[in-house]
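Have a look at the structure below before the remarks.
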Amino acid sequence: MDYKDEQHNEIEALESIYCGELEKQENFEEGDDEKLKAHLVEQMNENLGMVMVFTLVSAAQEWLNVQWDKIKVRREETAAKKQREEEEAERRRFEGTRVTVESFLSWKEKFDEEMGYTKRKELADREGKKLTGRELFMTDKTLDQSDLKFLDDGDAVKVDESLFQNLDDLDLEDDDEDDPDFDPNISDDSA
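When the letters of the sequence shown are read in order and numbered with my numbering, they come out as residues 229 to 419.
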């Protein structure tokens, strides 16, 4: 007898009776149908001599619900594990290599070679050309400290104030009208 065809017809009849409320649970493991049969035989033996159709249907439904809950829990655990693995992989991808002084200096040396800074300096030295300000700065690392010498000297730079004594002799034009911050109500003498 062809049970598959009969099962298909039975499912169609149940779907028409329950109008979309019927859920088919097809994702059971191998041998679950045998476990269900064993469970129903046990229920029949317990209820022998009584009306048992409702009891058997209820027992089957309860057993299927328990199995479905187990499957859902496994799926959720698998999905959570997969998500954790993806998050961990994402975190590792963004973590990168830790930078130390040695690794930075090694990288900087390779970078300078790739960018041609060291070759340009060598060429300029051979040809007697002057380097641009950027090339000087990039090749001579002492230049980034050169301005600090002036700060350390304190008052080493002397200003001759006599040069600024006769400002009245200068022909300064009054461009106050073009200045957006000019306020005609404030006199120049108050400053």
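All C-beta atoms in this analysis are idealised placements derived from N, C-alpha and C, irrespective of residue type, glycine included.
Residue i (DSSP reduced to helix, strand or coil)
i: residue 312; result: helix
i: residue 277; result: coil
i: residue 414; result: coil
i: residue 394; result: coil
i: residue 419; result: In this prediction, residue 419 scores a pLDDT of 46, lower than 50, which makes its location untrustworthy; no coordinate-derived value is stated.
i: residue 389; result: helix
i: residue 358; result: coil
i: residue 321; result: helix
i: residue 409; result: coil
i: residue 333; result: helix
i: residue 482; result: This structure cannot speak to residue 482, because the chain is shown only from 229 to 419.
i: residue 364; result: helix
i: residue 327; result: coil
i: residue 242; result: helix
i: residue 250; result: coil
i: residue 340; result: helix
Cut-off 7 Å between Cβ atoms - residues of its own chain near residue i, not counting five sequence neighbours on either side
i: residue 317; result: none
i: residue 284; result: 268, 271, 272
Nearest residue (CA-CA) to residue i, options the options
i: residue 340; options: 327, 366, 393; result: 366
i: residue 344; options: 387, 330, 362; result: 362
Spatial neighbours of residue i in its chain, beta-carbon cut-off 6 Å, leaving aside the 5 residues before and after
i: residue 235; result: none
Cβ-based neighbour list, residue i, same chain, cut-off 8 Å, excluding 5 preceding and 5 following
i: residue 303; result: none
Are there three or more Cβ pairs, one per stretch, closer than 8 Å when the stretch 262-271 is compared with the stretch 283-290? yes
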